[in-house]
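Enquirer: Under the working numbering, the first residue of the sequence shown carries the number 71, and numbering increases by one thereafter. Note that CB positions come from ideal geometry on N, CA and C, so glycine has one too. Every value quoted in this text rests on a predicted model; they were computed, and no experiment measured them. Just dropping this structure here.
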Amino acid sequence: MFNILIVEDDNELRHLFQRVLEQNGYYVKGVENGEEALAALEKSL
71 MFNILIVEDD NELRHLFQRV LEQNGYYVKG VENGEEALAA LEKSL
């Protein structure tokens, strides 16, 4: 299974992407900005 990081500042759009990907079997982490994305990537290492 793939892990996908979504960086999108539009909350509704981010949740839509996340829902569709999760329904297709992907693990998805959604964040709002680049700072949160870097923090999420550091946690995953």
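Can ARG84 and ILE76 be called in contact, C-beta distance under 8 Å?
Expert: yes
Enquirer: Within 10 Å of its beta-carbon, does GLY95 have 16 or more other beta-carbons around it, so buried, or fewer, so exposed?
Expert: exposed
Enquirer: Is there a C-beta anywhere in chain B that falls below 8 Å from the one on PHE87?
Expert: Absent here is chain B; the protein component of the structure consists of one chain.
Enquirer: With respect to 7 Å, is the separation between the Cβ of PHE72 and the closest non-hydrogen atom of the ligand COA below this value?
Expert: Judged by which ligands are present, the structure shown has none, so any question about the ligand COA falls away.
Enquirer: Alpha carbon to alpha carbon, how far is LEU91 from ASN103? Give it in angstroms, no decimals.
Expert: 19 Å
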